[in-house]
Structure formats: C-alpha cells, structure tokens
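Let me begin by presenting the structure, written as structure tokens, before commenting on it.
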Amino acid sequence: MSPHSLTQLHNHLDNDNDVHHSNTLPTAHRTFIERARRSNPNSTMANANFLDKGIEIVQKAIDEDVKQNYVEAYKQYQNALEYFMMALKYEKNDKLKELIRNKLVEYLDRAEKLKEHLAKSQETKGRRAVGANGGESGVGGSGAGGKDDDDGVDPETKKLRAGLSSAILAETPNVKWDDVAGLSTAKEALKEAVILPIKFPQLFTGKRTPWRGILMYGPPGTGKSFLAKAVATEAKSTFFSVSSSDLVSKWMGESERLVKQLFAMAREAKPSIIFIDEVDSLCGTRGEGESEASRRIKTEFLVQMNGVGNDETGVLVLGATNIPWALDLAIKRRFEKRIYIPLPDLEARKRMFELNVGTTPCALTNRDYRGLAEKTEGYTGSDISVLVRDALMQPVRKVLGATHFKKVVAPVKPPSAGLLNGGGGGSGGEDEVPEVAAAPAVDPNATKEYLTPCSPGDPEAQELTWTDVPSEDLLEPPLVMNDFMRAIQQVRPTVTPSDIERHVAFTNEAGVE
1 MSPHSLTQLH NHLDNDNDVH HSNTLPTAHR TFIERARRSN PNSTMANANF
51 LDKGIEIVQK AIDEDVKQNY VEAYKQYQNA LEYFMMALKY EKNDKLKELI
101 RNKLVEYLDR AEKLKEHLAK SQETKGRRAV GANGGESGVG GSGAGGKDDD
151 DGVDPETKKL RAGLSSAILA ETPNVKWDDV AGLSTAKEAL KEAVILPIKF
201 PQLFTGKRTP WRGILMYGPP GTGKSFLAKA VATEAKSTFF SVSSSDLVSK
251 WMGESERLVK QLFAMAREAK PSIIFIDEVD SLCGTRGEGE SEASRRIKTE
301 FLVQMNGVGN DETGVLVLGA TNIPWALDLA IKRRFEKRIY IPLPDLEARK
351 RMFELNVGTT PCALTNRDYR GLAEKTEGYT GSDISVLVRD ALMQPVRKVL
401 GATHFKKVVA PVKPPSAGLL NGGGGGSGGE DEVPEVAAAP AVDPNATKEY
451 LTPCSPGDPE AQELTWTDVP SEDLLEPPLV MNDFMRAIQQ VRPTVTPSDI
501 ERHVAFTNEA GVE
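What follows is the structure, encoded as structure tokens:
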C-alpha cells in the first residue's frame, strides 16, 4: 500500500490535533508485514494464523483510518489487537515477539487517540441536542441562551456529560399516538401529565402544578417503552432515555455523580423528560444484602427527584417497570402518578394484528382479524408481534417445501427495497447515509406471469423446486387464516394469570392515584 496521510478532521474538531498521526503509519505497517513474514517461517500453525489474521485486520483499520471512517477504524484496531495479543502469547521467536510487542504499542496508542476523538465528537453532538423550541438546547451550558462553551466546568464533569450525551434523543422516534394500539386510558393520562404542561404552561399556575414523576407499570411486552417513544415524539421537548448501563460505573462515587449530572443536564435543557426503562434495576427495595454503591445511587435519585435546593419545574421523570412492588418505598412515593399498562383488550388486539400484517399480501377479512383477536386473549402486544412474524413465515415455508409450481398471471410487483441500493458513492463515513435509487414507476394495470407453489394434483402443476424458480418470477402464496392458526399453536402467551393478579393487586393498593 502506498503511503498516505490523514486529511483534516471535520470542521467542528479542527483544533483537535490528538487524532492526527504522522504519514508514516501505512509505510511502517508495510515494513512490519515484510519483517513478520521473514521472521515467521518456523512459527507454529496456531500462531501463524493469529499473526496473519491480525495483520489482515489492522490493514483494514489503517485503510478506514485514512478514509476518516474513525468509528470503523477504531473497531478494526480493537479486533486486530486481540489477535496480536494471542500471537504474542504463543510466539517462540524472540525477535518476532519484540516486533509484535512494538507494533502492539503503536496500534494501541492509535486506538486510544481515536477513542478520545470519538468521545469528544459525541460530547459535541450532545450539546447540540434539539430542544423544545426546535433550536439547540445547549445541554453543555445554559438552557436558555444555548451557551456552548464549557468555561468553569472541570474536566471530570465534562467527561461525565460526554458519557451521558448518548442518552439524549436528538431525533424523535416518529411514533404517533395512533401507532399505539389500545391503551386509551394510559394515553389520556400521559397527555394530561406530559403533553398539556408543555403545550399550555399557562394552565399550570398557582397550586395547579404538573406531575414531576410518572411510573408506567404492567406485565412485560404490553407497550410501556413504545408509549415512551410516543411521548418523546409528541412532547417536542428534550428527551433523555437512560438505563442502568448509562448510570452504573465500576469507579467508586462515579455512579451517583452521573445521576446528579443527568438531572443537571435535564434542568439546563428544560422542558425535558428523563425516561428510565426498567427503573427497578436502579431503585429496588433497600435491604441488608445490598451493596454500598447501590444504596448511594438510590440516595442520589431520591435527592434529585425531590428537588430539594433545585428548581425542579420543567423536568419530568418517566419510569417503566414490570415489577413495581420491587421498587423502594421512597422511590415509589417520588412517582406521584402511577399508570397501569394492562394486557390489550379485544379491539386493541384486532388493531395489533392489522398493524403487524401491514402491506403483506393477505387474504384475511375484517371478520378474520376479529376472530384472531378473540383467540388470543391473554396475549401481550409483544406476543402478538411474534405470532404475526411466525405467520408471515408460513408462505415462505410453503415455497421451501413445494415440489410443484404453476404459472399464474398477477399484477406486477414493485422491486424490493434491497434491489434498489445504489451500491456505491460516499466514503462510508459514520455520518453518511447510503444512497438509494428511486423505485421505477409501476403501472398499476400491468400484469406479469409468475410461478407460485401448488398441489401436485393441480392440472397446471410443473415439477419444480424453489431452486429452479428465478427470483423475479416467484409469487409467494398470500397469507391465509390457516397460517395464523398454525402460528397460534406455536406461540403461547408469556404472561400467566398469577402475574396479572399481582399487578391488579398492586393497582388496587398503590396504582393510579
């Protein structure tokens, strides 16, 4: 490979010179390959494989590095380092061991620089998260003025904020209320508690204040996280989506600092929503057997959610859990509004079947959909999604198992999305989107002759298998009711009656208030 030098970084990181390296890296790598091959004739087969694989992967890393595809380059450097470590472990030749060790240090240093660069890039994106007014929220600085400098902020705080910046949804999930089947009571409660205070703040003055903490609970798979996506789309506010992995650190004292910084960032970017999925993993019941770190995280959550010494207006904490009875009592009290997300009713299940089938060729009628809804009482929304996916595979299985096909005339099908990719263009950078060619217009009245599976006894049957049928000539059978009946036999509900009873008991005791 001929020598290359890295071009300048993206404009927003022009002053960051840490990511640059000298233009000798590709040349040095070529020298390393030549010396390794000369020194390696008597290596064991296992070590030769490790070394060759490491050289192959690090070559890809350097190529991506030169193209400024830093995310992919960092991944390839990491993979290559693992192979070089294994090669170093089994290598018997002292000279080659020293050579591998030196290159390990060089590639590790390069990977560390890329890691720092990517972290700074994420921090910049976090500060530019979209706020309620459609502009930049300035999470790193003042929420009102969008101040984007970090003067006076210590390096440790910058590091914590950079780690949390990935939790900010800069792009809305594009899930509308209508995309959520059923759950009308829960949707109305969320509109009242979340949307109205943001859209009409003048309604909430004096003693009429919006809820500061809302807990959604119910059996797994009922749509709690999906509802949160709808809230993020409809609220038009800064949305933080966090889980235990974002807030738990192996370093002493860092977890509670992450919690504190999360709430500080939310206050700066208000109006804002902090969504904590599986909140029980962070705020479970306190007991003698729990660790000191876990206790400190809960204490910090209690302090921040209580708002003592802070202006808590404009910040809503939205939690979701499958086991609300496992929450700490003090945490439970901070969630002033508790909303039960039950199993879908008959109409909701019918709507879920229709949404999940979508535009797939289907012979089901409105009556068939209602029949399926009646047969799936006790199923969660997730169960129905899995059931429909299994049913959607039935026509594919018919194609795979068919021994005979026949010719049929049907409307021309539009090309599949997978066949429309441009297949080129762009350098493959992390921010680029592959170009997709526009689908050619299809005459709605045009027809074509296809091959579709049939019974061996059909008068027009031809003895063929799916391997004999050209891709563009295949017409899969439409979905029929029998496909869903088979899927129902395979997919059983995941929630038991005892689970429902426990949630109902919790609702009667401490549910919607």
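The numbering of the sequence shown is full-length UniProt numbering, which starts it at 1 and goes up by one.
From the three backbone atoms N, C-alpha and C, an ideal C-beta is built for every residue, glycine too.
Note that the coordinates shown come from a computational prediction; the quantities given were computed from them, not determined experimentally.
The alpha-carbon separation between GLN261 and GLY221 amounts to approximately 31 Å.
Less than 9 Å divides the Cβ of ILE384 from the Cβ of PHE353.
The beta carbon of PHE226 is closer than 7 Å to those of VAL175, VAL180 in its chain, skipping five residues each way along the sequence.
CA-CA distance, VAL480 to VAL242, rounds to 41 Å. Separation of ALA410 and ILE62 (C-alpha to C-alpha, rounded to the nearest whole angstrom) is 51 Å.
Going by C-alpha positions, ASN49 is about 17 Å away from GLN76.
Of the residues assessed, GLU192 falls on the exposed side of the cut-off, its CB having fewer than 16 other CB atoms within 10 angstroms. Bridge partners of GLN462 according to DSSP: PHE405. DSSP places TYR340 in the strand class (E or B) of the three-state scheme. Selection TRP177, ASP473, ALA232, SER498 evaluated against VAL399 yields ASP473 as nearest (Cα-Cα).
In the DSSP assignment, GLY381 falls within the unbroken alpha helix (DSSP H) covering 381-392. When the beta-carbon positions are compared, CYS454 and LYS406 come within less than 9 Å of each other.
Classified as buried, LYS224 has 16 or more neighbouring CB atoms from the shown chains inside 10 Å of its CB. For ARG212, the closest of THR233, PRO271, SER184, ALA186 by C-alpha to C-alpha distance is PRO271.
CA-to-CA, the gap between LEU114 and LEU51 works out to about 23 Å. Rounded to whole angstroms, ALA80 and VAL248 show a C-alpha spacing of 29 Å.
A straight-line Cα-Cα distance of about 6 Å links ILE274 and LEU316. A direct Cα-Cα distance of roughly 23 Å separates GLY319 from PHE200. SER255 is classed as buried because its beta carbon has at least 16 other beta carbons within 10 Å across all chains shown. Between PHE301 and THR205, the alpha-carbon positions lie close to 26 Å from each other. For LYS229 and PRO173, the gap between their C-alpha atoms comes out near 6 Å. Apart from the 5 residues on each side of it in sequence, GLU278 sits with its Cβ closer than 8 Å to the Cβ of SER243, SER244, ALA320, THR321, ASN322 in its chain, given in chain order. Residue pairing of GLU82 in beta bridges, as defined by DSSP: absent, with no partner found. In this structure, LEU372 lies near LYS350, with their beta-carbon atoms less than 9 Å apart.
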